[in-house]
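Using my numbering, count along the sequence shown one by one with no gaps and you end on 590.
Idealized CB from N, CA, C, for every residue including glycine.
Below is one structure; the comments refer to it alone.
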Amino acid sequence: MDSDDQELLKLYQKSIYDQSLQINYNYTRYTNREIAKVKSIKLAEFLNISKVYAFNCPYLSLEHSPQNLTECSINNCELKSISGIEKMINLISLELKDNNIADISPLKSLTKIEILNLQSNQIQDISILENLSCLEKLYLNNNKVNSLQGLGKQLQLRWLNLQLNQVTNIEPLSTLLQLKRLILDGNQVEDIGSLCNMNLEEFGISNNKITSIEPLKFSKSLNELNLARNQINNISVLSEMYGLRILDLESNIIEDITPLKGKYIYKLLLGSNNIQNILPLAGMEPKELTLQYNEKISDYSILRNMTDVKYLDLSSCKLQNASFLHQMTELITLKLSCNKINDIAFVRGMRRLHHLDLSYNSIIDLTPLQCVDYNTTIYLHGNRICDMKAIKNHDLHNITLNFNYITDYTHLDQDEINEMEEPSAELVHQSNILSKINQPQNYLQMMFNRKRDFLEQFEMNMYEVNDQIQRALEEQTIYVQTFVMLMNESECCQ
């Protein structure tokens with residue numbers, strides 16, 4: 097027994113469970129240093145182990161692979177070559193995710209595999225997969241796949257994940273009539289016509305170049321559909337899909353949502369479209385609803401009856417009056433940022449709120465927030481707040497109040513004042529950064545309007561504003577220089 101086998105035997109003695117070896121510090125009592133010594137799993141054959149789970153073993157090689165394994169997971173091990181894995185002819189389940197694998201040709205002899213996970217590698221050519229006729233679940237997400245040649249013969253395939261690749265043509269998938277779950281998010285697909293005969297239950301094709309979803313008209317079994325971030329304007333084919341439960345249509349160019357009438361959809365995402373009328377949603381009782389960046393909607397009254405909604409996003413909808421929300425007492429997350437709201441009395445009955453975003457509105461009076469739970473995270477930055485006594489008993493660590501006009505800190509201690517002056521950047525980031533990225537033009541226009549309103553209301557001198565900005569930039573430069581100096585001193589000390 098060589099030294100590598102001895103190291104593996106030590107780990108085996110610590111981690112044996114149900115005829116499996118887990119080389120993973122999350123599940124066993126050995127150290128990272130012991131894990132780093134593992135270079136081979138060949139001893140598994142002599143120990144009658146049928147399953148091996150390896151994680152974060154940077155020196156591991158598959159050159160001497162055991163034949164008796166039926167299940168093997170080697171994840172995040174910096175693997176570049178899988179040469180030797182062809183000996184594992186009894187494998188039924190194989191995971192090689194989060195490595196640096198480009199060549200998967202050694203897999204062609206593993207004809208018993210039913211579950212194959214190759215996500216997050218460097219794979220481009222998947223043609224050898226045509227030999228794996230028993231495949232039922234295949235994960236290729238986050239690779240460099242640009243051609244699906246080789247998948248057309250996987251007639252038993254039920255799950256296929258190709259998210260975040262470079263696929264343009266999905267014609268080879270037309271023969272996979274057993275597919276129930278197909279994920280193509282983040283590719284370059286323009287035409288889904290080859291899917292017209294499929295009986296999918298879950299389909300994701302967000303962030304592609306789709307203009308028509310007509311080929312889905314026969315997909316009556318769909319219960320989860322993600323069409324976000326495409327160029328879709330007509331959703332009439334959805335009118336017959338009564339089984340839909342999760343539907344994401346965000347960031348398209350949809351105006352008419354009449355086809356959604358009469359549906360029971362519990363997660364409905366409609367943000368960033370051109371919707372003008374939401375009356376077709378009457379009678380629907382979703383648990384999650386997003387309508388952000390739909391600035392043409394004038395009547396929100398039907399939302400009064402959606403009393404079971406837990407998550408609601410109405411950011412950037414040009415709302416001035418949100419009183420229609422007062423009956424939605426089951427809300428856990430409510431997002432109303434970038435509107436023109438000044439009265440927040442509607443929150444008085446929302447005692448289940450955990451997350452409330454009221455940033456960039458025209459709020460002055462915070463009294464209604466006295467009814468909100470002490471630990472609720474509240475975003476109030478960018479309003480017209482002068483007095484914060486109404487929330488003096490709230491946990492200020494969970495509130496952002498920057499870009500307001502608060503001057504009275506008498507009821508706060510020094511720590512709380514520091515929180516006021518330097519509010520949590522993380523909270524602000526979580527609230528706004530995604531909307532800034534997805535809707536840069538809308539966001540910039542909103543910020544321009546906000547600055548203009550501030551200037552008009554307080555008659556601030558533009559030179560003073562520019563001077564403040566210049567001083568802030570100079571301070572930031574000083575902070576960076578100081579940080580670099582400290583880092584250099586730290587390195588010298590070491």
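| Asked | Found |
| --- | --- |
| Anticipated Cβ contact below 8 angstroms, residue 369 with residue 349, distance rounded | 7 angstroms |
| Anticipated Cβ contact below 8 angstroms, residue 482 with residue 456, distance rounded | Not quite, the Cβ-Cβ distance comes to about 17 angstroms (not below 8 angstroms), so this is no contact. |
| Terminal residues of the beta strand (DSSP E) in which residue 277 lies | 277-279 |
| Bridge partner(s) assigned by DSSP for residue 344 | 322, 365 |
| Pick from 272, 182, 201, 216 that is closest to residue 158, judged by C-alpha positions | 182 |
| Residue span of the beta strand (DSSP E) that contains residue 451, given as start and end | 451-453 |
| Three-state secondary structure (DSSP) of residue 191 | strand |
| Nearest residue (CA-CA) to residue 431, options 380, 378, 387, 176 | 387 |
| Nearest candidate by alpha-carbon position, reference residue 217, set 175, 252, 332, 272 | 175 |
| Residue-level contact to chain B via CB, residue 432, 9 angstroms cutoff | This model lacks chain B altogether; it includes just one protein chain. |
| Sub-9 angstroms separation of residue 248 and residue 270 beta-carbons | yes |
| Beta bridge counterpart(s) of residue 171 as assigned by DSSP | 151 |
| Among 220, 326, 320, the one whose alpha carbon lies nearest that of residue 284 | 326 |
| Rounded C-alpha distance that separates residue 227 from residue 253 | 13 angstroms |
| Integer-rounded CB distance, given that residue 421 should sit under 8 angstroms from residue 454 | Incorrect: roughly 12 angstroms between the Cβ atoms, too far for contact. |
| Proximity of residue 233 and residue 265 at Cβ, strictly below 9 angstroms | no |
| Residue 363 versus residue 179: straight-line alpha-carbon distance, rounded | 45 angstroms |
| Coil, strand or helix - residue 271 by DSSP | helix |
| Whole-angstrom distance between residue 274 and residue 188, CA atom to CA atom | 19 angstroms |
| Contact set for residue 291: own chain, Cβ-Cβ below 6 angstroms, skip 5 residues either direction | 311 |
| For residue 168, the nearest candidate out of 491, 145, 154 (CA to CA) | 145 |
| Cβ neighbour criterion (16 or more within 10 Å) applied to residue 409 | buried |
| Complete beta strand (DSSP E) runs within the segment 408-467 (minimum length 3 residues, chain order) | 429-431, 451-453 |
| Inter-residue spacing [alpha-carbon to alpha-carbon] between residue 262 and residue 322 | 18 angstroms |
| Residue closest to residue 186, alpha-carbon to alpha-carbon, out of 396, 147, 346 | 147 |
| Assigned secondary structure, residue 307 (DSSP; H/G/I helix, E/B strand, else coil) | coil |
| Separation of residue 353 from residue 460, as counted between CA atoms | 36 angstroms |
| Per-residue burial, residue 378 [other beta carbons within 10 Å of its own, 16 or more giving buried] | exposed |
| Three-state secondary structure assigned by DSSP to residue 299 | strand |
| The beta strand (DSSP E) enclosing residue 475, as first and last residue numbers | 473-475 |
| Three-state secondary structure assigned by DSSP to residue 479 | coil |
| With 16 other Cβ atoms within 10 Å as the buried cut-off, status of residue 346 | buried |
| Residue burial classification, residue 154 (beta-carbon count within 10 angstroms, cutoff 16) | exposed |
| C-beta contact flag for residue 276 and residue 296 at 9 angstroms | yes |
| Top-ranked residue by Cα proximity to residue 282, from 316, 256, 268, 238 | 238 |
| Chain-order list of residues whose beta-carbon lies under 6 angstroms from that of residue 259 (same chain, five-residue window excluded) | 237, 279, 281, 282 |
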